[in-house]
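As you go down the protein sequences, you meet chains A and B in turn. Per the working numbering, residue 1 is the first one in the first sequence, and the count goes up by one each step. Per the working numbering, residue 1001 is the first one in the second sequence, and the count goes up by one each step.
2 protein chains.
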Amino acid sequence: MKNFSYFTPTKLVFGSDSIKKLPDLMRPYGKKVLLAYGKGSIKKIGLYDEVIKLLSDFEIYELKDIEPNPKYNPSVLDGVRICKENKIDMVLAVGGGSTIECCKAICGASYYDGDPWDIIIGKVGTKKAIPLFDVLTLAATGSEYDDGGVISRKETNDKVAYASELVFPIASILDPKYTYSVSKAQTIAGSIDAINHVMEQYFCKEHSLLTDGMCEATIKSIIKNVKIAINEPDNYDARSELMVCCSLACNGILSIGNSSSGWPCHGIEHALSGYYDITHGTGLAIVTPRWMKHILNDDTIDRFVSFGINIFDINPTLDKYAIANKTIEETYNLFKDLGSPMSLREVGINEERLSEMAHHIAINEGLENAWAPLNEEDILEILKNSL
Amino acid sequence: MKNFSYFTPTKLVFGSDSIKKLPDLMRPYGKKVLLAYGKGSIKKIGLYDEVIKLLSDFEIYELKDIEPNPKYNPSVLDGVRICKENKIDMVLAVGGGSTIECCKAICGASYYDGDPWDIIIGKVGTKKAIPLFDVLTLAATGSEYDDGGVISRKETNDKVAYASELVFPIASILDPKYTYSVSKAQTIAGSIDAINHVMEQYFCKEHSLLTDGMCEATIKSIIKNVKIAINEPDNYDARSELMVCCSLACNGILSIGNSSSGWPCHGIEHALSGYYDITHGTGLAIVTPRWMKHILNDDTIDRFVSFGINIFDINPTLDKYAIANKTIEETYNLFKDLGSPMSLREVGINEERLSEMAHHIAINEGLENAWAPLNEEDILEILKNSL
């Protein structure tokens, strides 16, 4: 096992009506709350009213319309401004990964006097942050249980990963009922996002029987439960297990002590959603099988073999390359059969900017140091094969 | 999934030479440190000297000779006295589970003006605690990554479980090299303790594909690695994986959302080591297979079947009871083949006090509400079958 430091101080408060614990959790941190949310789905499901009622003792300020792939301008900047102007005590993010990640950036940048972008890109380290709470409404990114987020800046097509131990949520309220109204397409994309999170940890050089088994358990659980949830959106058990799997999929516990893969599919996908604002999980569905195909070789094959045998029950007596190729096919079919778009053209991306994106990725994502190294040419080929 | 609140704010700092990070981790908490340890094995392996050297900036007070199955009198009482008299800022436990658990009690009771026993038994809630750090030297109890401990009071033969969110270690230093010198017998007992921790979470009514898989991965990893470690005590990878598995085995992550089993084997074993001061993991090795045999019935059999198929690769086409009985046999043989004592007589316990212990357990451990309920008669039968 590699040396590591593992730290997840967030309290996960899971289950039906767990939101009732929110006021007591928040009270020690003050009075003034920035309530942040997205385009209004929390109003449709009655969650907005529930939060307002529960927090009647608090002084509420609002930041709304946070975008998918949350934007530095206006959302982060608006949030920072509101926090500074009103001396906000804590932020409550109500929504999915985009809302929570946007709020992490707000929390981290609000005590800094200079340009907030300095904090986001890590030019200046985060020294102090506003305490963050969240109520999760989408099982996907795992942002409710980690210290990172991705912020987009349209002017530069940048998607920047921001992280600080100081922006772990204090507590995350996970009530599976809030995900009943998540659309089929978003349920699929969220689940594929989480499956890919686990794959990005599984396909690496140094791993253990412990981490392999935990990764496999998480993926098998997601596969089983997403199939149920897309047919029975209000199946409590399926939504529960999906929610918990997604929370664990991205905070490092599943790859504790492993070497890093370099997160290649995320590196590539960040450009797709950075340039075209497509849904992150959909981008991952498209890229992942093409990445697998591209990197399969004698050095990497053993990971494909164990993934295929343990996730897809592929016959272990087959030839290794037969198993590996079948593993890629099964991965593709899994995403396709769930109902995900499986080509860039389906989501409105053509060849026009592929070279530009490949160049951007090669410069910014460090994938030449990934477990299976990718240079600009490799990246372009993966993108072309994804068309 | 059941409602849950999951919170593990401890920072795990794992790997070779990770102790070098200790001074920086401790510095924000003050100057005055209570350094607590056991019978001196940390001096033999040079760890005591290393700690003293690293903490040369700090003011060190010492509590030594903490016992296995740590005692309220003298260890907890001495520790509380030293902390109060010297206004100790933080406690550093260097050792295994006993040392760490003793220190949790000390940390929790030192800000309380009344009888420390009130805090241990929960008559008075823990309101404030001295910050705790630890350097782990034994992979077993998982005390380095949870908020609980078991304290023995000889006068009353009590073993009391003490827990408070305030006594989670701030940071736990996990360097597998410190476990190279752990004896074969202690390595075996520690691993069986951890295996049983996982079993106590696995054998329950409500569980998920996620938690089943994580439990199975942990147990399979422990089995593989303890076999290596007892033959090659300084195998870094085996000691690493054992250490991390043990840390995860007892903090709730492996059974997140599960219903409780009631922890029956621990309930029974606490009396054995409370009355006879035997090694906890050895007591569990003896009790576990007898408990399994006693509770096997039509209601419980499915858990035996999945445990047997997934841990011991038992042929799934066999009759369910054949699988279940083979599972019990394999569990017994696993512990025996590792080299554990497998009967009470081997550890100096005869029939003399079995009835007294069964009565004590029935009154104190709440096992009539366990997943597989046990009354005093059941407990006595399990104990008799363990002779």
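Cβ coordinates follow ideal geometry from the N, Cα and C atoms, glycine included.
Determine, using beta carbons only, whether VAL1091/B comes closer than 7 Å to chain A. Closer than 7 Å: no.
Ends of the alpha helix (DSSP H) at TYR1202/B? Unbroken alpha helix (DSSP H) run through TYR1202/B: 1184 to 1202.
CA-to-CA distance, GLY125/A to GLU1269/B, given in whole angstroms: Cα to Cα, the separation comes out at about 50 Å.
At a Cβ threshold of 7 Å, is LEU1210/B touching chain A? In terms of beta-carbon proximity, LEU1210/B lines the interface with chain A, with at least one pair separated by less than 7 Å.
Roughly how many angstroms separate the alpha carbons of VAL1244/B and ASP49/A, rounded to a whole number? The straight-line gap from Cα to Cα measures roughly 44 Å.
Excluding the 5 residues preceding and the 5 following ILE230/A in the sequence, name in chain order all residues of the same chain whose CB lies nearer than 8 Å to its CB. Hits under 8 Å: LYS184, THR187, ILE188, LEU338 and GLY339.
At a Cβ threshold of 7 Å, is VAL1305/B touching chain A? No, because no Cβ of chain A sits closer than 7 Å to the Cβ of VAL1305/B.
Starting from the Cα of LYS1326/B, find the closest Cα among VAL1150/B, GLY1308/B, LEU1092/B and ALA1036/B and give me that residue. Closest in C-alpha terms to LYS1326/B, from the list VAL1150/B, GLY1308/B, LEU1092/B and ALA1036/B, comes GLY1308/B.
Tell whether a beta-carbon distance below 7 Å holds between ALA388/A and ILE223/A. Since the first residue shown for chain A is 1 and the last is 387, residue 388/A is missing from the structure and cannot be characterised.
Return helix, strand or coil for TYR1037/B, following the three-state DSSP convention. Looking at TYR1037/B - three-state DSSP - the assignment turns out to be strand.
Given that ASP1078/B touches chain A, what residues does it touch there, using C-beta distances under 9 Å? The premise fails here: ASP1078/B is roughly 31 Å from chain A at the closest Cβ pair, so nothing lies under 9 Å.
So, is the C-beta of ASN3/A closer than 7 Å to a C-beta in chain B? In terms of beta-carbon proximity, ASN3/A lines the interface with chain B, with at least one pair separated by less than 7 Å.
Count the other CB atoms, across all protein chains shown, that sit within 10 Å of the CB of ILE52/A; report buried if there are 16 or more and exposed otherwise. Looking at its Cβ environment, which holds fewer than 16 other Cβ atoms inside 10 Å, ILE52/A is exposed.
Chain B within 7 Å of TYR29/A, Cβ atoms only: Closer than 7 Å: no.
Euclidean distance between Cα positions of LEU1132/B and ILE253/A: Computed Cα separation, rounded: 23 Å.
Determine the burial state of ASP147/A: buried for a count of at least 16 other Cβ atoms within 10 Å of its Cβ, exposed for fewer. Answer is buried; the Cβ neighbour count reaches 16.
Given a cut-off of 7 Å on the beta-carbon distance, is the pair GLY38/A and GLY79/A in contact? Result no, Cβ atoms of GLY38/A and GLY79/A do not sit closer than 7 Å.
Sub-7 Å separation of LEU1284/B and ALA1139/B beta-carbons: Not in contact: LEU1284/B and ALA1139/B (Cβ atoms no closer than 7 Å).
How would you list, in chain order, the residues of chain A whose beta-carbon sits under 7 Å from the beta-carbon of CYS1102/B? By Cβ distance, chain A contributes nothing, its closest Cβ being about 24 Å from CYS1102/B, past 7 Å.
Starting from the beta carbon of ILE1253/B, find every residue of chain A whose beta carbon is closer than 9 Å, and list them in chain order. LEU248 and ILE253, listed in chain order.
Going by the CB atoms, is the gap between ILE1119/B and TYR1034/B shorter than 7 Å? At residue 1034/B the sequence reads Leu, which differs from the Tyr that was named. No, they are not a contact pair.
Neighbour-count burial assignment, ARG1027/B, 16 or more Cβ in a 10 Å radius: Counting Cβ neighbours within 10 Å, ARG1027/B comes out exposed, since fewer than 16 surround it.
Pairwise C-alpha distance: LYS1071/B and ALA1109/B: For the pair ALA1109/B and LYS1071/B, the Cα-to-Cα distance works out to about 14 Å.
By the three-class DSSP mapping on this structure, what secondary structure does ALA1358/B have? Collapsing the DSSP output to three states places ALA1358/B in a helix.
So which residues of chain A does CYS1107/B contact, with C-beta pairs closer than 8 Å? Residues of chain A passing the Cβ test: none, with the nearest at roughly 18 Å.
Cα separation between SER255/A and THR218/A? Approximately 12 Å between the Cα atoms of the pair.
Using a 10 Å radius around the Cβ and a threshold of 16 neighbouring Cβ atoms, would you call ILE379/A buried or exposed? Buried, because 16 or more other Cβ atoms sit within 10 Å of the Cβ of ILE379/A.
First and last residue of the uninterrupted alpha helix (DSSP H) at PHE307/A: Unbroken alpha helix (DSSP H) run through PHE307/A: 301 to 312.
My understanding is that LEU1344/B touches ILE1286/B, with C-beta atoms under 8 Å, so please give their C-beta distance in whole angstroms. Yes, they are in contact, since the Cβ atoms of LEU1344/B and ILE1286/B sit about 6 Å apart, within 8 Å.
Which one of SER1240/B, ASN1196/B, PRO1169/B and ASN1350/B has the shortest CA to CA distance from LEU1334/B? Its Cα nearest to that of LEU1334/B, the residue ASN1196/B stands out among SER1240/B, ASN1196/B, PRO1169/B and ASN1350/B.
Quick one: Cα of HIS359/A to Cα of ILE82/A, how far? Computed Cα separation, rounded: 37 Å.
How about the stretch 56 to 73 of chain A and the stretch 12 to 22 of chain A: do they share at least three Cβ pairs that are nearer than 8 Å? No, because fewer than three Cβ pairs between the stretch 56 to 73 of chain A and the stretch 12 to 22 of chain A fall closer than 8 Å, the two stretches do not touch.
Please report the distance separating the alpha-carbon of ILE130/A from that of PRO74/A. ILE130/A and PRO74/A: Cα-Cα distance of roughly 19 Å.
Mind reading off the beta-carbon distance from THR331/A to THR288/A? Whole number of angstroms is fine, and I expect it under 8 Å. Indeed, because the Cβ distance is near 6 Å, the residues count as touching under 8 Å.
Exposure of ILE1066/B, with buried meaning 16 or more beta-carbon neighbours within 10 Å: Per the 10 Å Cβ criterion, buried.
Partners in chain E for ILE1256/B, counting only beta-carbon separations shorter than 7 Å: The structure shown has no chain E; the protein chains it does contain are A and B.
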